Ligand SMILES: Nc1nc2c(ncn2[C@@H]2O[C@H](COP(=O)(O)OP(=O)(O)OP(=O)(O)O)[C@@H](O)[C@H]2O)c(=O)[nH]1
Ligand SMILES: Nc1nc2c(ncn2[C@@H]2O[C@H](COP(=O)(O)OP(=O)(O)OP(=O)(O)O)[C@@H](O)[C@H]2O)c(=O)[nH]1
Ligand SMILES: [Mg+2]
Ligand SMILES: [Mg+2]
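Chains as they are written, first to last, in my numbering: chain A, 1 to 279; chain B, 1 to 290.
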């Protein structure tokens with residue numbers, strides 16, 4: 001006999017659906033809920049609210065396990081952030097938001113137009129640079145993106161910039177030649193900087209389903225990521241794939257995008273994220 | 001793949017009697033996992049699996065196909081039927097038909113407008129593309145360049161209201177003998193009341209022949225919410241599924257179809273303007289099943 005506040009079978013099924021509906025993979029959702037069922041069987045948690053609270057803590061713990069702050073103090077200037085990811089996820093906009101954040105901290109920012117492929121990609125970043133009053137480096141459309149990043153590091157040193165944020169073209173991880181091009185950009189940047197980029201951030205769209213895991217795995221394998229940014233969390237998608245990414249690829253989730261304006265960037269907060277997933 | 005998982009689960013049944021409820025239940029577990037992994041919405045999966053269960057229980061186990069293959073065939077046939085039998089074309093009747101291209105941020109609308117214009121031009125039409133995204137940085141410039149690549153004219157209004165721009169574009173098209181009028185709109189989330197309201201007004205004032213929802217093939221569980229809300233607000237006439245040149249399984253296609261009943265008309269298969277194809281339900285079914 002169970003009362004309304006008790007941990008019933010329906011509750012565990014409901015919570016598994018909540019996770020799946022948030023794009024946590026079916027496999028990871030089942031494993032998480034199985035641990036909750038075990039905790040209930042062993043009497044470690046007894047009420048429905050207790051189960052929900054345990055789940056939230058479990059999710060927050062999984063997301064905090066690989067937590068790492070954004071690189072902020074390079075051994076020598078400039079700080080270099082590379083921003084990568086598949087098409088349309090919000091890379092260019094995230095770069096503008098990061099630029100605004102650094103400027104609020106009193107740093108001198110340089111934006112590098114490393115997307116030399118897509119129509120009006122350079123113009124798009126240039127508009128943002130103008131809005132921010134930030135330094136801007138670009139070559140001709142169709143030019144070599146590695147050369148743009150190379151030049152941007154030199155320009156930052158010459159102009160006394162504290163941070164360079166380099167944009168790259170959106171690319172599907174399944175396109176081998178494009179992933180090799182990205183590898184070259186990363187190597188050229190490292191050689192010129194004298195150390196790996198201080199951050200190589202993968203931008204993932206919160207509306208993306210299970211493919212986000214393949215994106216994280218393959219971009220990480222190709223160029224070595226230091227963190228993940230999840231964008232478009234101001235929609236209804238919950239971005240649960242980051243739980244799978246944290247669990248299976250071990251990458252820190254560093255930032256979230258919550259809108260299209262330059263202020264709409266927040267630090268990733270595991271507890272808040274877990275609470276939004278399991279109200 | 002699903003076939004081998006089902007073979008394992010239904011081993012030892014070949015040529016023996018009928019598929020029992022127990023056999024079908026274990027098969028349904030595998031089918032559910034495969035569809036969820038493919039990003040089909042969990043509620044759509046539940047209804048789909050129940051339909052499969054009804055069709056499969058009591059089915060005579062054949063000699064020619066293994067039980068696993070038999071169940072996969074039931075699933076595949078059901079998927080193909082749900083994804084929409086015959087290819088649905090674009091309805092471009094009337095003097096100056098308007099095609100509104102709408103959807104979430106970053107789904108591929110501007111690129112798709114260019115692809116569509118190029119395709120229609122090859123079909124002998126004289127399309128006009130219209131820039132109404134006044135919000136995104138360099139959005140108009142992007143459409144300008146895309147139109148140039150497609151070899152079609154682009155209309156950039158002087159008004160600061162997207163609806164007024166479309167109305168002006170339609171008069172311009174009518175007087176210049178340009179048709180159809182393909183409207184690129186700003187990306188918006190389905191829960192943004194103001195922007196969804198703007199789309200409702202645009203539909204009312206321009207009476208479009210087509211309202212195409214551009215949806216990224218890698219969209220996950222949220223696809224049902226997006227499709228339902230856009231359809232409820234403006235009534236979509238079809239879907240363009242983009243970025244199908246990646247390895248996303250594309251279960252969003254089934255979700256959208258189940259929730260709106262609207263056809264998937266075209267698929268985006270790359271970044272270049274020639275990468276737009278007709279939707280093939282059978283290929284999509286194979287892809288979703290993995
Ligand atoms: N609602 C919302 N929209 C966003 C967010 N981040 C970016 N966008 C929008 O998503 C669309 C795509 O953003 P971009 O910055 O151009 O994306 P991208 O990854 O650089 O795209 P490509 O360079 O073409 O691969 C734009 O309309 C942005 O305004 C976010 O956090 N929330
Ligand atoms: N690989 C691939 N990329 C695509 C496809 N369609 C569009 N893209 C890319 O996706 C990104 C976003 O495309 P856009 O056309 O700017 O998307 P949008 O919906 O207009 O974006 P907003 O106006 O910001 O909402 C760009 O990098 C495009 O090149 C496709 O079918 N395949
Ligand atoms: Mg970009
Ligand atoms: Mg656009």
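Just so it is clear, CB atoms sit at the ideal spot from N, CA and C, and this is done for glycine as well.
Predicted model only: the values in this text are computed from it and were never measured.
So which residues on chain B does residue i lean against when the C-beta distance must stay under 8 angstroms?
i                     : result
residue 20 of chain A : 36, 42, 221
residue 87 of chain A : 106, 108, 243, 271
residue 17 of chain A : 42
residue 90 of chain A : 105, 106
Measure from the C-beta of residue i to each C-beta in chain B and report whether the shortest distance is under 9 angstroms.
i                      : result
residue 353 of chain A : Since the first residue of chain A shown is 1 and the last is 279, residue 353 of chain A is not available in this structure.
residue 123 of chain A : yes
residue 73 of chain A  : no
residue 238 of chain A : yes
residue 25 of chain A  : yes
residue 181 of chain A : no
residue 126 of chain A : yes
residue 96 of chain A  : yes
residue 234 of chain A : yes
Any heavy atom of ligand 1 closer than 8 angstroms to the CB of residue i?
i                      : result
residue 254 of chain A : no
residue 124 of chain A : yes
residue 83 of chain B  : no
residue 204 of chain B : no
residue 87 of chain A  : yes
residue 223 of chain B : no
residue 118 of chain A : yes
Does any C-beta atom of chain A lie closer than 9 angstroms to the C-beta of residue i?
i                      : result
residue 116 of chain B : no
residue 225 of chain B : yes
residue 218 of chain B : yes
residue 68 of chain B  : no
residue 184 of chain B : no
residue 9 of chain B   : no
residue 139 of chain B : yes
residue 231 of chain B : no
residue 189 of chain B : yes
residue 39 of chain B  : yes
residue 252 of chain B : yes
Run down chain B in chain order and give the residues with a C-beta less than 7 angstroms from the C-beta of residue i.
i                      : result
residue 119 of chain A : 142, 145, 146
residue 205 of chain A : 106
Quick check: does the Cβ of residue i come within less than 8 angstroms of any heavy atom belonging to ligand 4?
i                      : result
residue 109 of chain B : yes
residue 139 of chain B : yes
residue 115 of chain A : no
residue 142 of chain B : yes
Compute every distance between the C-beta of residue i and the non-hydrogen atoms of ligand 3, then say whether any falls below 8 angstroms.
i                      : result
residue 170 of chain A : yes
residue 151 of chain A : no
Who are the Cβ neighbours of residue i in its own chain at under 7 angstroms, not counting the five residues just before and after it?
i                      : result
residue 1 of chain A   : Its pLDDT being 41, under 50, residue 1 of chain A is placed unreliably in this model, and the coordinates cannot settle the point.
residue 190 of chain B : 196, 225, 226, 229, 230
residue 92 of chain B  : 180, 209
residue 28 of chain B  : 49, 52, 53
residue 202 of chain B : 100, 162, 163, 166
residue 18 of chain B  : 58, 59, 60, 61
Could you work out which residues of chain A lie near residue i, taking near to mean beta carbons separated by less than 7 angstroms?
i                      : result
residue 276 of chain B : Under the 7 angstroms cutoff, chain A gives no residues; its nearest Cβ is about 15 angstroms from residue 276 of chain B.
residue 161 of chain B : Ordered by position in chain A, no residue passes the 7 angstroms Cβ test against residue 161 of chain B, which lies about 19 angstroms from the chain.
residue 33 of chain B  : 26
In the DSSP assignment, find the beta strand (DSSP E) that holds residue i and state where it starts and stops.
i                      : result
residue 86 of chain A  : No beta strand (DSSP E) holds residue 86 of chain A; DSSP gives it neither H nor E.
residue 242 of chain B : 238 to 242
residue 33 of chain B  : Looking at the DSSP string, residue 33 of chain B is not in any beta strand (DSSP E); the run it does join, the alpha helix (DSSP H), is 21 to 37.
residue 136 of chain A : 135 to 137
Strictly below 9 angstroms CB to CB, what residues from chain A border residue i?
i                      : result
residue 247 of chain B : 172, 173, 174, 211, 214
Shorter than 8 angstroms, the distance from the beta carbon of residue i to the closest heavy atom of ligand 2, or not?
i                      : result
residue 259 of chain A : no
residue 210 of chain B : no
residue 136 of chain B : yes
residue 76 of chain A  : no
Closer than 8 angstroms by C-beta to residue i: which residues in its own chain qualify, once you throw out the five before and the five after it? Chain order, please.
i                      : result
residue 286 of chain B : 76
residue 18 of chain A  : 277, 278
Could you give the residue range of the alpha helix (DSSP H) that holds residue i?
i                      : result
residue 73 of chain B  : 67 to 84
residue 43 of chain A  : No alpha helix (DSSP H) holds residue 43 of chain A; DSSP gives it neither H nor E.
residue 177 of chain B : Premise fails: residue 177 of chain B is in no alpha helix (DSSP H) and is neither H nor E.
Looking only at its own chain, which residues have a Cβ that is under 6 angstroms from the Cβ of residue i, when we skip the five neighbours before and after it?
i                      : result
residue 138 of chain A : 113, 122
residue 5 of chain A   : 47, 48
residue 178 of chain B : 126, 128
residue 171 of chain A : 178
residue 192 of chain A : 150, 153
residue 189 of chain A : 149, 197
For ligand 5, I want to know if residue i counts as a neighbour, meaning its beta carbon is within less than 8 angstroms of at least one of the ligand's heavy atoms.
i                      : result
residue 186 of chain B : Absence of ligand 5 from the depicted structure is noted, with ligand 1, ligand 2, ligand 3 and ligand 4 being the only ligands included.
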